[in-house]
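All remarks here apply to the structure that follows.
There are 2 protein chains.
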Amino acid sequence: MEIADWRKQIDELDEQITFLLNKRAACAVEIGKLKQANAAAVYEPQREQKVYEHVTAINPGPLTNAELDDIYQRIMDVMRAKQRVK
Amino acid sequence: MEIADWRKQIDELDEQITFLLNKRAACAVEIGKLKQANAAAVYEPQREQKVYEHVTAINPGPLTNAELDDIYQRIMDVMRAKQRVK
Chain A
1 MEIADWRKQI DELDEQITFL LNKRAACAVE IGKLKQANAA AVYEPQREQK VYEHVTAINP
61 GPLTNAELDD IYQRIMDVMR AKQRVK
Chain B
87 MEIADWRKQI DELDEQITFL LNKRAACAVE IGKLKQANAA AVYEPQREQK VYEHVTAINP
147 GPLTNAELDD IYQRIMDVMR AKQRVK
């Protein structure tokens, strides 16, 4: 396979990843509404820690746990900000 | 639905996202090998630009394009570093 073929695969994966990240954001928005209704804190370090533990526990590679963690830190930053939007 | 139910959904989405990010990384590693064989540059801003344009073009929301772009910048950082590893 040539670079163009791998890139075609990447483009298809990005379509799925984009779809799933948005589904995840929709869930985060719903949680944000429930937190607001209960006057609960948006930032919950224990829950975030569980997310990191979960994804690294099921990480099949070739991403290292540190690399996956890097990506998930950004995902969590964005999702947390999203929960704060009214 | 309660917070715990949404979190269960998020955990399931994270399993799919983790799987797809790793498939994407495997493609990036293969591209890295081809680039090395051709003595080509790992950093290709034009290709990276196309990735951002692609994902924002198909972004269904609720993530804004800026939020999706934020996440993808981190994904691209990690993937680029991965291509440099021998």
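Protein sequence lines correspond, in order, to chains A and B.
Residues 1 to 86 (the numbering used here) are what the first sequence spells out, left to right.
Residues 87 to 172 (the numbering used here) are what the second sequence spells out, left to right.
C-beta atoms are modelled at their ideal positions from N, C-alpha and C, and glycine is treated no differently.
Inspect the beta-carbon positions of Arg160 (chain B) and Asp14 (chain A) and report whether they are closer than 9 Å.
With respect to Asp14 (chain A), Arg160 (chain B) sits apart: the two C-beta atoms are not nearer than 9 Å.
Using the rule of at least 16 other Cβ atoms within 10 Å of the residue's Cβ for burial, across every protein chain shown, is Gln135 (chain B) buried or exposed?
exposed
Along the region 12 to 24 of chain A, where does the CB come closer than 8 Å to a CB of chain B? Name the residues.
Leu13, Asp14, Glu15, Gln16, Ile17, Thr18, Phe19, Leu20, Leu21, Asn22, Lys23 and Arg24
Ala41 (chain A) - DSSP class collapsed to helix/strand/coil
coil
Return no unless some Cβ of chain B is closer than 9 Å to the Cβ of Pro45 (chain A).
Using a CB distance cut-off of 9 Å, Pro45 (chain A) does not count as an interface residue toward chain B.
Contact the region 66 to 86 of chain A vs the region 144 to 163 of chain B: 3+ CB pairs below 8 Å
Enough Cβ pairs lie closer than 8 Å, so yes.
Ala39 (chain A) at chain B interface by Cβ criterion, 9 Å:
no
Please identify, using Cβ separations under 7 Å, the residues of the region 146 to 166 of chain B that lie next to chain A, in order along the chain.
Pro146, Gly147, Pro148, Leu149, Glu153, Leu154, Asp156, Ile157, Arg160, Ile161 and Val164
Starting from Met1 (chain A), trace the alpha helix (DSSP H) both ways and give me its first and last residue.
Here Met1 (chain A) belongs to no alpha helix (DSSP H), and DSSP marks it neither H nor E.
Ignore the nearest five residues each way along the sequence and tell me which others in Met165 (chain B)'s own chain have a CB closer than 8 Å to its CB.
Arg110, Ala111 and Ala114
One question on the structure: do Ile117 (chain B) and Ile3 (chain A) come within less than 9 Å of each other, judged by their Cβ atoms?
yes
Roughly how many angstroms lie between the CA atoms of Lys94 (chain B) and Val85 (chain A), to the nearest whole one?
Computed Cα separation, rounded: 22 Å.
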